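Numbering (my numbering), first residue to last: 685 to 851.
Everything below concerns the one structure shown next.
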């Protein structure tokens, strides 16, 4: 079923695909994102500037608040806005899935405009992967879970490598 046959209400249902198939789709998305992250690690200066934003956040905020915002608040609100609403609405126009993905992912990337160029490329790639997951599963829950898991792993790394005590 192409994305333009999906309505806003139906994307909140759990995927009708077998769990094994959903797991394979998510594993493929994680593998692609991991490979890009590995390649990006060769540009550590740019990545370090992106990480410094999060070290400051962790150092100046209660840990539980950071975890809640980064692993739940951001993924849920961003996926609802950029893929659940914007991409879904745009895909109903003549833009179709590809055009809707490009526009909604560009908007989502601009939301992260404080990042380095490499960080923005990484965010854009993540947006394409999240859009693809929505398209393949017809469920917004899968991009939300992927986004939340990515953010959780990232913030656990930041907390574990922070030089300041975690509150």
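Here a beta-carbon is modelled for each residue, glycine too, at the ideal position from N, C-alpha and C.
Nothing here was measured: the structure is a model prediction, and the numbers come from that model.
- Pairing residue 835 with residue 782, the inter-Cα distance amounts to about 25 Å.
- Taking the Cα positions, residue 776 is about 39 Å away from residue 736.
- With contacts defined as CB atoms closer than 8 Å, residue 792 and residue 811 qualify as a contacting pair.
- In the structure shown, the three-state DSSP call for residue 822 is coil.
- Here the stretch 740-753 does not lie against the stretch 795-804, with fewer than 3 beta-carbon pairs under 8 Å apart.
- Counting the other CB atoms within 10 Å of its CB gives residue 806 a total of 16 or more, which places it among the buried residues.
- Approximately 4 Å separates the beta-carbon atoms of residue 771 and residue 788; this is inside 8 Å, confirming the contact.
- Using a Cβ distance threshold of 8 Å, residue 831 and residue 814 count as a contacting pair.
- Counting C-beta atoms within 10 angstroms of its own C-beta, residue 707 has fewer than 16 neighbours from the protein chains shown and is therefore classed as exposed.
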